[in-house]
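Position one of the sequence shown corresponds to residue 2 (the numbering used here), numbered consecutively onward.
Cβ coordinates follow ideal geometry from the N, Cα and C atoms, glycine included.
Model, not experiment: these values are computed from the prediction.
Down below is the structure, laid out as structure tokens.
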Amino acid sequence: MPHDRDTLVAAARDAARGAYAPYSRFHVGAALGFADGSVVSGANVENASYGLALCAETSAVAKAMNEGRRGGLEAVAVVGGPDGRGGPVVTPCGRCRQVLNELADIGGTDPVIWCAGEDEVVETRLSDLLPRAFGPGNLA
Ligand code: THU
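Laid out in structure tokens, this is it:
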């Protein structure tokens with residue numbers, strides 16, 4: 002079932018309300034759309050030890066995989082901004098690209114990524130954000 006861009010971006014915006022970001026005050030939400038129509042979302046979780054912050058996309062992937070998902074990742078929406086307000090388009094950080102790649106790779110998909118800002122959505126693909134990715138196949 003194909004995912005609708007605006008619906009998935011809205012789910013990411015909603016997820017950002019769950020962010021724990023007292024240090025950066027930059028609230029990020031991510032929503033993962035799966036082939037069966039389900040959506041799993043996450044938000045960033047910071048720590049007093051700053052470098053231990055978990056990004057929204059990584060939180061969402063961990064949640065999805067903890068729930069047993071091992072593929073079917075078709076679409077991802079990411080949105081963020083200071084104090085939960087809108088701002089410029091947010092693209093997944095490098096680590097999150099790699100984390101997303103694991104779930105995509107094991108299911109053989111190349112998810113569309115919708116990076117949302119206050120009044121703009123940039124559409125790309127994981128393979129464009131992370132070309133020539135290192136993945137499970139490298140360990141075979
Ligand atoms: N952050 C995310 O959640 N996802 C990204 O792709 C970029 C950055 C979070 C981490 C940190 O809590 C805050 O945004 C500021 O960097």
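Determine whether the beta carbon atoms of residue i and residue j lie at a separation below 9 Å.
i, j, result
"residue 77", "residue 34", "yes"
"residue 36", "residue 125", "no"
"residue 114", "residue 71", "no"
"residue 54", "residue 41", "no"
"residue 58", "residue 88", "no"
"residue 198", "residue 43", "The requested residue 198 does not occur in the structure, where the chain is confined to residues 2 to 141."
"residue 13", "residue 105", "no"
"residue 96", "residue 56", "yes"
"residue 26", "residue 83", "yes"
"residue 4", "residue 38", "yes"
"residue 65", "residue 45", "no"
"residue 63", "residue 24", "no"
May I ask you to report which of helix, strand or coil DSSP gives residue i?
i, result
"residue 130", "helix"
"residue 57", "helix"
"residue 24", "coil"
"residue 62", "helix"
"residue 89", "coil"
"residue 137", "helix"
"residue 73", "coil"
Along the chain, where does the alpha helix (DSSP H) that runs through residue i open and close?
i, result
"residue 103", "95 to 108"
Give the range of the beta strand (DSSP E) segment to which residue i is assigned.
i, result
"residue 10", "Element bounds for residue 10: not the beta strand (DSSP E) but the alpha helix (DSSP H), 6 to 17."
"residue 117", "113 to 117"
"residue 43", "40 to 44"
Would you grab the beta carbon distance between residue i and residue j for me? Rounded to a whole angstrom, and I think it's under 8 Å.
i, j, result
"residue 102", "residue 134", "5 Å"
"residue 131", "residue 86", "Not really, about 28 Å apart at Cβ, beyond 8 Å."
Original post:
Within the structure, which residues are defined as neighbours of ligand 1 by a Cβ-heavy atom distance below 6 Å, reported in chain order?
Top reply: Counting every residue whose Cβ lies closer than 6 Å to a heavy atom of ligand 1, we get 22, 25, 27, 29, 45, 47, 54, 56, 57, 58, 93, 94 and 97.
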